[in-house]
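This note's numbering applies: residue 525 is where the sequence shown begins, and numbers increase by one. Think of the CB as a built atom: it goes at the ideal place given N, C-alpha and C, for glycine as much as any other residue. Since the model is a prediction, treat every value here as computed from it, not as a measurement.
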Amino acid sequence: MPSRHFIFYKGGIDINTVCIDLDGTLLDDKKKISKRSINTLRTLIDNKIEVIIATGRHFYMVENFLKELDRDIMICSNNGAMSRLKNTKKLFNVEYLDKEIFFNILFTAEKLNLLPYVYVDFFTSGYHLLVKEGSVKKTHFEEKIPDKKMNEQLIRYINTENLQKSDILCLAFLDSKENILKLYEKFKDLDITKTLYTLKDGRFVLEFQSKKADKWIAIKRYLDYKNINTDKIVSFGDEINDLMMIRNSKMGFFMKNANENLKKHTKYITEYTNNQEGVSIELEKIFKDFF
Numbered sequence: 525m526p527s528r529h530f531i532f533y534k535g536g537i538d539i540n541t542v543c544i545d546l547d548g549t550l551l552d553d554k555k556k557i558s559k560r561s562i563n564t565l566r567t568l569i570d571n572k573i574e575v576i577i578a579t580g581r582h583f584y585m586v587e588n589f590l591k592e593l594d595r596d597i598m599i600c601s602n603n604g605a606m607s608r609l610k611n612t613k614k615l616f617n618v619e620y621l622d623k624e625i626f627f628n629i630l631f632t633a634e635k636l637n638l639l640p641y642v643y644v645d646f647f648t649s650g651y652h653l654l655v656k657e658g659s660v661k662k663t664h665f666e667e668k669i670p671d672k673k674m675n676e677q678l679i680r681y682i683n684t685e686n687l688q689k690s691d692i693l694c695l696a697f698l699d700s701k702e703n704i705l706k707l708y709e710k711f712k713d714l715d716i717t718k719t720l721y722t723l724k725d726g727r728f729v730l731e732f733q734s735k736k737a738d739k740w741i742a743i744k745r746y747l748d749y750k751n752i753n754t755d756k757i758v759s760f761g762d763e764i765n766d767l768m769m770i771r772n773s774k775m776g777f778f779m780k781n782a783n784e785n786l787k788k789h790t791k792y793i794t795e796y797t798n799n800q801e802g803v804s805i806e807l808e809k810i811f812k813d814f815f
């Protein structure tokens, strides 16, 4: 089967916006962004290219990863549920999960003995994740927070008061395939965003969000606001939550390290993986006049 990635780009590629996922894309497997990648993004921004980070992570974590990038770019976090500018932290848009739906899912999950991970919008209070007291401390969700001190600051235990007061960005569960699919079946027809994916260790993750929580919806809303043409986007991702963003981009790349089934949805595949600065290499080829 012939390779589908671009090795050479001809002149005249008209791109005004670059949208990039983090995990498995801009981040390597050690959860680091290389100096080369930071310099690549800085060069694009300084040449009037709009750069947007679109990720399933919360704003706090993204801000930490990008601290070396001293530019005020848009971050579409929580899979598009929250959009804030990186430096000024100005809120552009937010989409919450309906409280009645939230409690319905939460109580159903409790009956199935599933532990909840609740991403909340307590930006001014300095925390973003509620977990049940007694939960295993080291899980997929906590591992996404790179700094131990930061971890302690950003996580609180669930109680009746903070659940009632919280605006919910995402309700997530992590368990075996069998248990997660039981919960999914009960809510599969509900008109909200449901993201189901597997981890490398075989466990399943199920996330529930507002139906308007989508990376592409958030990106388009922001670009429309700035009166930027959405037909001139290049995007990069590696997971199912990147699919709409990639499908709607002029050049939508799945990473070389992405699942083979996802690669079928695009003709653009990066030449190198996330551990080989794959995003940076493609961008330097596309925008070769800047480098």
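Rounded C-alpha distance that separates residue i from residue j
{"i": "Leu585", "j": "Lys555", "result": "Here residue 585 turns out to be Met, not Leu, going by the sequence shown. The alpha-carbon atoms of Met585 and Lys555 are separated by roughly 11 Å."}
{"i": "Asn563", "j": "Ala578", "result": "19 Å"}
{"i": "Leu684", "j": "Asn628", "result": "For the sequence presented, residue 684 should be read as Thr rather than Leu. Whole-angstrom Cα-Cα distance: 15 Å."}
{"i": "Phe760", "j": "Leu638", "result": "33 Å"}
{"i": "Asn772", "j": "Lys756", "result": "10 Å"}
{"i": "Arg566", "j": "Tyr746", "result": "20 Å"}
{"i": "Glu763", "j": "Val803", "result": "15 Å"}
{"i": "Glu784", "j": "Lys689", "result": "42 Å"}
{"i": "Ile557", "j": "Lys701", "result": "31 Å"}
{"i": "His789", "j": "Gly776", "result": "9 Å"}
{"i": "Glu795", "j": "Asp538", "result": "21 Å"}
{"i": "Lys673", "j": "Asp813", "result": "Model confidence at Lys673 stands at a pLDDT of 42, short of 50, so the residue's coordinates are unreliable and nothing is read from them."}
{"i": "Glu808", "j": "Lys774", "result": "17 Å"}
{"i": "Ile743", "j": "Ile576", "result": "8 Å"}
{"i": "Asn540", "j": "Asn571", "result": "10 Å"}
{"i": "His582", "j": "Lys591", "result": "15 Å"}
{"i": "Ile569", "j": "Arg595", "result": "8 Å"}
{"i": "Thr797", "j": "Asn617", "result": "32 Å"}
{"i": "Tyr620", "j": "Val729", "result": "20 Å"}
{"i": "Asn603", "j": "Gly580", "result": "4 Å"}
{"i": "Ile741", "j": "Arg608", "result": "14 Å"}
{"i": "Leu705", "j": "Met598", "result": "34 Å"}
{"i": "Ile682", "j": "Thr754", "result": "40 Å"}
{"i": "Lys668", "j": "Lys559", "result": "Model confidence at Lys668 stands at a pLDDT of 49, short of 50, so the residue's coordinates are unreliable; what they give is reported in the following sentence. About 21 Å."}
Boundaries of the beta strand (DSSP E) in which residue i is found, first to last residue
{"i": "Gly726", "result": "That residue, Gly726, is in no beta strand (DSSP E); it is neither H nor E in DSSP."}
{"i": "Leu698", "result": "692 to 699"}
{"i": "Leu654", "result": "651 to 655"}
{"i": "Leu679", "result": "Inspection of the sequence shows that residue 679 is occupied by Ile rather than by Leu. Start and end: 679 to 681."}
Range of the contiguous alpha helix (DSSP H) that encloses residue i
{"i": "Gly604", "result": "Premise fails: Gly604 is in no alpha helix (DSSP H) and is neither H nor E."}
{"i": "Asp500", "result": "Residue numbering for the chain in the displayed model covers 525 to 815; residue 500 lies beyond these limits and cannot be assessed."}
{"i": "Tyr584", "result": "583 to 589"}
{"i": "Thr632", "result": "623 to 635"}
{"i": "Asp570", "result": "559 to 570"}
{"i": "Leu687", "result": "684 to 689"}
{"i": "Lys809", "result": "802 to 810"}
{"i": "Lys787", "result": "784 to 787"}
For residue i, the residue or residues it bridges with in DSSP
{"i": "Gln733", "result": "Thr717"}
{"i": "Leu615", "result": "Arg608"}
{"i": "Phe777", "result": "Phe760, Tyr792"}
{"i": "Ala578", "result": "Cys600"}
{"i": "Leu767", "result": "BP columns for Leu767 are empty, so no partner."}
{"i": "Ile544", "result": "Ile577, Phe760"}
{"i": "Phe646", "result": "Tyr651"}
{"i": "Thr722", "result": "Phe728"}
{"i": "Tyr641", "result": "Val655, Ala696"}
Any non-hydrogen atom of the ligand ZN within 8 Å of residue i CB
{"i": "Pro640", "result": "Ligands in the displayed structure: none, and consequently the ligand ZN is not present."}
Which listed residue (the options) has its alpha carbon closest to that of residue i
{"i": "Leu546", "options": "Asp645, Asp766, Phe811", "result": "Asp766"}
{"i": "Asn703", "options": "Lys635, Arg608, Trp740", "result": "Lys635"}
{"i": "Gly726", "options": "Lys718, Leu698, Ile743, Phe711", "result": "Leu698"}
{"i": "Thr717", "options": "Leu615, Leu551, Leu723, Asp738", "result": "Asp738"}
{"i": "Glu574", "options": "Cys543, Val642, Tyr708", "result": "Cys543"}
{"i": "Thr549", "options": "Asn799, Tyr643, Lys706", "result": "Asn799"}
{"i": "Tyr641", "options": "Ser601, Phe732, Lys710, Asp622", "result": "Phe732"}
{"i": "Lys614", "options": "Glu587, Leu630, Thr632", "result": "Glu587"}
{"i": "Leu630", "options": "Phe811, Leu654, Thr754", "result": "Leu654"}
{"i": "Cys694", "options": "Leu714, Thr719, Ile793, Asp748", "result": "Thr719"}
{"i": "Lys780", "options": "Met769, Val758, Ile793", "result": "Ile793"}
{"i": "Ala696", "options": "Phe778, Ser734, Asn753, Asp713", "result": "Ser734"}
Below-9 Å beta-carbon distance, residue i vs any chain B residue
{"i": "Gln733", "result": "The question asks about chain B, but that chain is absent: this structure has only one protein chain."}
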